[in-house]
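Number of protein chains: 2
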Amino acid sequence: MADKDSPKRSRRGSGAITLRDVAKLAGVAPITASRAINTPGQVSADVRRKVDEAVARTGYVPNRVAGGLASARSRLIAAVVPSTVVSVFNETIEALNATLFDAGYQLMLGQSSYSPEREEQLLEAIIGRRPDGIFLTGILPPGKGRTRLLASGIPVVETWDLTPTPIDMLIGFSHAAIGDAVARFLWAKGHRRLALVRAEDDRAGRRAQAFQAAVAQAGGAPVIDINVGAVRTLRSGRDAMGRLLEQAAASGGVDAVFCSSDLLALGVMTEARARGLAVPGDVAIVGFGDVPFVSDMVPALTTVRINGAEIGERAARCLMARADGQAVEPRTVDVGFSIIERDSA
Amino acid sequence: MADKDSPKRSRRGSGAITLRDVAKLAGVAPITASRAINTPGQVSADVRRKVDEAVARTGYVPNRVAGGLASARSRLIAAVVPSTVVSVFNETIEALNATLFDAGYQLMLGQSSYSPEREEQLLEAIIGRRPDGIFLTGILPPGKGRTRLLASGIPVVETWDLTPTPIDMLIGFSHAAIGDAVARFLWAKGHRRLALVRAEDDRAGRRAQAFQAAVAQAGGAPVIDINVGAVRTLRSGRDAMGRLLEQAAASGGVDAVFCSSDLLALGVMTEARARGLAVPGDVAIVGFGDVPFVSDMVPALTTVRINGAEIGERAARCLMARADGQAVEPRTVDVGFSIIERDSA
DNA sequence: TTGAAAGCGCTAACAA
DNA sequence: TTGTTAGCGCTTTCAA
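For the record, the sequence lines run as chains A and B.
Going by my numbering, the first sequence wraps up at 345, each residue one higher than the last.
Going by my numbering, the second sequence wraps up at 690, each residue one higher than the last.
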């Protein structure tokens, strides 16, 4: 170990094994060792063997930070999610991560916690790491973050929404189309007194708007709209249902409720049943997200399903293609949605 | 822009603004610009102003990859989780991330997908990034991954479990103590015919073992033990309850079931009620994890609560302290647990 | 308080 | 197929 061959080791050095150490042990130049490790096809079998052995003997783990700096390819993809807790995005993140990992990429996850300032700081921190690509849940509104992102030149994919003005690539679906479809669905089932229970959220807002518009167009009565604010728990769903029932009593009752998440729907359902209302007999309920377990509850929840895994996988592929310098066409993909009809509506 | 001042720009260069550009614009040396940005107290007000202006004008975002290589401090913490979907670890990860972010660190997340090989690859990929610390959910068993981790010298914190032989730091609780406590709890309530429904999982196994031991010690009948395998969904909970009831019919019934997760408990509860059994009247149910929404269901789930956020926050602080070269004592912290008594048991 | 020089660990470019 | 050289963008060391 204690060889004093390096002439000027004045500085730090983490003490870890470097490519130099491996190369020395294998009796080749560092660059040759590098090739033996990264592009084994480019070196002779003999060199390959010697380097492999040196790697095994030393327990060398390549420093990807240094490699990334030298090659301007970090093999890192950053993702921004609003929250990791009981989130409808989990399936997407899991697929994104799995696809990236299998291709030798890594995921850096950042939470924006539904806060614009935090999102902006996060974006700056992410750009500082020079990832090969950035995954965004949702669409980034105009602002400093968007400008910086654009300036960075890093490939970006926005998801879970649609817009005519994406930053770069876009994989999503139309929230308005969902609101419209659910309203028609409930109307076709004969429900006439419709209501919304939703979190304070831009995307949920657009679903709600389209829902109301469709009902109005069909000649229905005004839709009762309960906004639960930023907190999206089962409890807030229960509370919302309480308020909803109060309001509805004045206007003749409710037949069906469209909730902005499955968790909220579960809360609404729980409250309804706690008050002796039958689901779907007295009131029908539709959720959003198709979280894994709602299919096996009693009654099974009717909900809107987004293929989150598809979004994650496609996003990973687009980002990696762009990191390889390939063009990606089309830039915008609509993955659609489906209404999964089960027992609750 | 097109200044041809740099003499030998033969190579790549991502084209992005660098510290050099900022320094040139501000009329100072790069190192001075660096100090103005990172340790503003060390430079004159005049320099600070000029550099700030140059940064603003150019939209400079420091390259943390280069900084990390030069300083051997990445300000990156890596975390390994088994899964991100509906996981009991979410709260921990969220707290970990929030605490790190506020201190200027970033989180790199890796999923082991409950697979040992994948975990090993993941560990190697993580070490290659030279993070300042590594967060592990669970305890890493002896093996190549553990050896490499030890050799890397990177601070590590293992969590959600206890062991006399941690790699480095440890923040967790005793699964055996939980199994024991839940058995005593149910026994004290007068339940005598006890059962377990659990996923194939080492930690759940140890809770189960202690549960059985406590029942045996109290003189109870053998505990029926249903193993649902690796799949941990509400569906598998329902199926498990079906099997359990079948087995129990031969031995005189069941009074109470301890499940290895809240989701499984929800499945067991769903199936029980679907078969006309009252909860907790006919059968009591205890979950594990205290996932946010189980408190507001009807009946509210009695479960074991772990303060996951505390684990995440403490882990972040320990890791950052070690990255700063501080010693952390004690190395092992037991955060305990509590049985949250609600309606289901 | 400011700067020059060196180098973190690796890979691109070019040459042999 | 292998090696030499330079340098990615930053920070440490040391000197002024």
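Cβ coordinates follow ideal geometry from the N, Cα and C atoms, glycine included.
Quick caveat: nothing in here was measured; it's all calculated off a predicted structure.
Which chain B residues sit within Cβ distance under 7 Å of residue i?
i, result
"A:G59", "R493, A496"
"A:E124", "V406"
"A:N97", "Q456"
"A:R130", "N408, V410"
"A:L19", "Residues of chain B passing the Cβ test: none, with the nearest at roughly 12 Å."
Interface residues of chain A around residue i at Cβ under 8 Å?
i, result
"B:F480", "Within chain A, no residue comes near B:F480; the closest Cβ sits about 12 Å away, beyond 8 Å."
"B:I472", "V61"
For residue i, which beta-bridge partners are listed by DSSP?
i, result
"B:I685", "B:T648"
"A:A97", "In the sequence as presented, Ala is not what sits at residue 97 of chain A; that position holds Asn. Answer by DSSP bridge pairing: none, since A:N97 is not bridged."
"A:Q111", "A:V81"
"A:T137", "A:T159"
"A:C318", "Note: A:C318 sits in no beta bridge, so no partner."
"B:M614", "Paired residues: none, contrary to the question."
"A:D334", "A:G172"
"B:V639", "Note: B:V639 sits in no beta bridge, so no partner."
"B:G626", "Bridge partners of B:G626: none, in fact."
"B:V631", "B:F603, B:T647"
Against residue i, what residues of chain B qualify as contacts under a CB-to-CB distance less than 8 Å, listed in chain order?
i, result
"A:V298", "T615, R618, A619"
"A:L162", "Chain B residues near A:L162: none, gap ~25 Å exceeds 8 Å."
Counting only the same chain and skipping the five closest in sequence on each side, list residues whose C-beta sits under 6 Å from that of residue i.
i, result
"A:A230", "E200"
"A:A16", "none"
"B:D688", "P644, A645"
"A:L277", "V283"
"A:V257", "A195, V197, V268, I285"
"A:Y60", "I17, V22"
"A:P131", "S74, L76, I77, A78"
"B:A666", "V673"
"B:R676", "M514"
"B:R662", "none"
"A:T385", "Residue 385 of chain A cannot be examined here, being either before or after the span of chain A that is shown, 1 to 345."
"B:P375", "L364, R365, A368"
Once the 5 residues before and after residue i are set aside, which same chain residues still bring their CB inside 7 Å of it?
i, result
"A:R35", "Q42, V43"
"A:L122", "V80, G110, S112"
"A:I340", "D290, T302, T303, R305"
"A:H191", "D255, A256, A284"
"A:G242", "E271"
"B:A448", "M665"
Name the chain A residues whose beta carbon is nearer than 7 Å to that of residue i?
i, result
"B:L608", "F293"
"B:G370", "The amino acid at residue 370 of chain B is misidentified as Gly; the sequence shows Leu. Simply none; closest approach about 16 Å."
"B:N383", "Neighbours of B:N383 on chain A: none; closest Cβ ~12 Å, over 7 Å."
List the residues of chain A that residue i touches, going by C-beta distances under 9 Å, in chain order.
i, result
"B:L452", "M108, L109, G110, Q111"
Within its chain, find whatever has a CB closer than 8 Å to the CB of residue i; leave out the 5 residues flanking it on each side and keep chain order.
i, result
"A:R203", "G138, W160, D161, H175"
"A:S251", "R193, A221, I224"
"B:V680", "I516, G517, F518, I651, N652, E655, I656, R659"
"B:N572", "R543, A544, E545"
Cβ-heavy atom distance between residue i and the ligand FMN below 7 Å?
i, result
"B:Q554", "Of the ligands one can find in the structure shown there are none, so the ligand FMN has no counterpart to examine."
Scan the region 392–426 of chain B for residues whose Cβ lies nearer than 7 Å to a Cβ of chain A and list them as they occur along the chain.
G404, V406, P407, N408, R409, V410, A411, G413, L414, A417, S419
Alpha helix (DSSP H) segments (min. 4 residues) lying fully within the region 535–583 of chain B
547–562
Short of 9 Å Cβ to Cβ, which residues in the region 531–549 of chain B face chain A?
none
Entirely enclosed alpha helix (DSSP H) segments - the region 370–452 of chain B, minimum 4 residues:
Within the region 370–452 of chain B, the complete alpha helix (DSSP H) runs of at least 4 residues are 375–383, 390–403, 409–416, 435–447.
Just by C-beta distance, which residues in the region 206–238 of chain A are closer than 7 Å to chain B?
T233, L234, R235, R238
According to a CB-to-CB cut-off of less than 7 Å, which residues of the region 641–675 of chain B neighbour chain A?
D641, M642, V643
Between the region 588–612 of chain B and chain A, which residues of the former have CB atoms less than 8 Å from a CB of the latter, in chain order?
L608, L611, G612
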